[in-house]
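Have a look at the structure below, then the notes.
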Amino acid sequence: MLGVKLVLPFPSEAAATIRTRKFMTNRLLNRKQMVVDVLHPGRSSVPKTEIREKLARMYKTTPDVVFTFGYRTQFGGGKSTGFGLIYDSLENAKKFEPKYRQARHGLLEIKRTGRKQRKERRNRQKKVRGTAKSKVGAAKDKKKDDVPVNFLISSYDNQKTSDQGA
């Protein structure tokens, strides 16, 4: 018996439709903000980079000033809803966007100290009150090489004279 073979495109190649609603121009923060609906039948979800690029094309701007977040996929799949912000310039984005979102976007590099150091610092801060907490929080860099040069020279001279006398 001859069978019919149905060839479907690979799920990641299936097209995703992006629609915006509740569009608002926020002049105080120099941005456009909107709710973004993404229709993606046959796909589990759509990467934020792809959504960012499509929004940039829709609003005739570059993807580096487009920030998207808060996506929730509807039960059953096929549709996701999130929020989108399009800043007028990259300077405004850096000024108004939270640091963690800038880090996700690749604009900012957040350096984390070790877990043990964070815990020790927190416990030292618990022992003081008020503005002294910031002084405790500032880590003191004690290096073994921070010995004054004149001390090294004088100790070397003393050692030399003691060796000659012996």
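The sequence shown runs 299 to 464 under the working numbering. No residue lacks a Cβ here, since even glycine has one placed at the ideal position from N, Cα and C.
Cβ shell of residue i (< 6 Å), same chain only, five flanking positions each side left out
{"i": "Lys346", "result": "Thr366"}
{"i": "Tyr369", "result": "Ser378 and Gly380"}
Residue from the options whose Cα sits closest to the Cα of residue i
{"i": "Leu327", "options": "Lys433, Lys393 and Gly368", "result": "Lys393"}
{"i": "Leu353", "options": "Lys409, Gly382 and Gln423", "result": "Gly382"}
{"i": "Thr329", "options": "Ser378, Glu395, Gly368 and Gly375", "result": "Checking the sequence, you will find Arg at residue 329 rather than Thr. Among Ser378, Glu395, Gly368 and Gly375, the Cα nearest to that of Arg329 belongs to Glu395."}
{"i": "Val363", "options": "Gly376, Ala391, Thr371 and Leu337", "result": "Ala391"}
{"i": "Thr318", "options": "Ile384, Gly375, Gly428 and Arg427", "result": "Ile384"}
{"i": "Thr315", "options": "Met332, Leu405, Val344 and Arg420", "result": "Val344"}
{"i": "Pro405", "options": "Glu389, His338, Val336 and Gln331", "result": "Reading off the sequence, residue 405 comes out as Leu, not Pro. Answer by Cα proximity: Glu389."}
{"i": "Thr359", "options": "Ala430, Val334 and Ser387", "result": "Ser387"}
{"i": "Thr411", "options": "Val336, Glu348, Asn324 and Gly435", "result": "Gly435"}
{"i": "Val336", "options": "Arg355, Pro361, Gly375 and Asn324", "result": "Gly375"}
Buried or exposed (CB count within 10 angstroms, at least 16 for buried), residue i
{"i": "Met322", "result": "exposed"}
{"i": "Arg408", "result": "Here the sequence assigns Ile to residue 408, which means Arg is not the residue at that position. Per the 10 Å Cβ criterion, exposed."}
{"i": "Arg350", "result": "buried"}
{"i": "Val305", "result": "Only weak support is given to the placement of Val305: the predicted model assigns it a pLDDT of 48, under 50, and the question is left unresolved by the model."}
{"i": "Val426", "result": "exposed"}
Reduced DSSP category for residue i - H, G, I as helix; E, B as strand; rest coil
{"i": "Phe373", "result": "coil"}
{"i": "Val434", "result": "helix"}
{"i": "Val336", "result": "strand"}
{"i": "Leu306", "result": "Summary for Leu306: the model assigns pLDDT 49, below 50, so the residue's position carries little reliability, and this model does not support an answer."}
{"i": "Thr315", "result": "strand"}
{"i": "Asn324", "result": "strand"}
{"i": "Lys330", "result": "strand"}
Cβ shell of residue i (< 8 Å), same chain only, five flanking positions each side left out
{"i": "Arg399", "result": "Phe365 and Phe367"}
{"i": "Lys397", "result": "Leu406 and Ile408"}
{"i": "Ala401", "result": "Glu407 and Ile408"}
{"i": "Glu348", "result": "Ala314"}
Own chain residues within Cβ distance below 7 Å of residue i, not counting five before or after
{"i": "Arg422", "result": "Val434"}
{"i": "Lys320", "result": "Met332 and Val333"}
**OP:** Could you pull out every unbroken beta strand (DSSP E) segment of at least 3 residues lying fully inside the segment 338-423, listed in chain order?
**Re:** Counting only runs of 3+ residues, the beta strand (DSSP E) found wholly inside the segment 338-423 occupies 364-371 and 377-385, in chain order.
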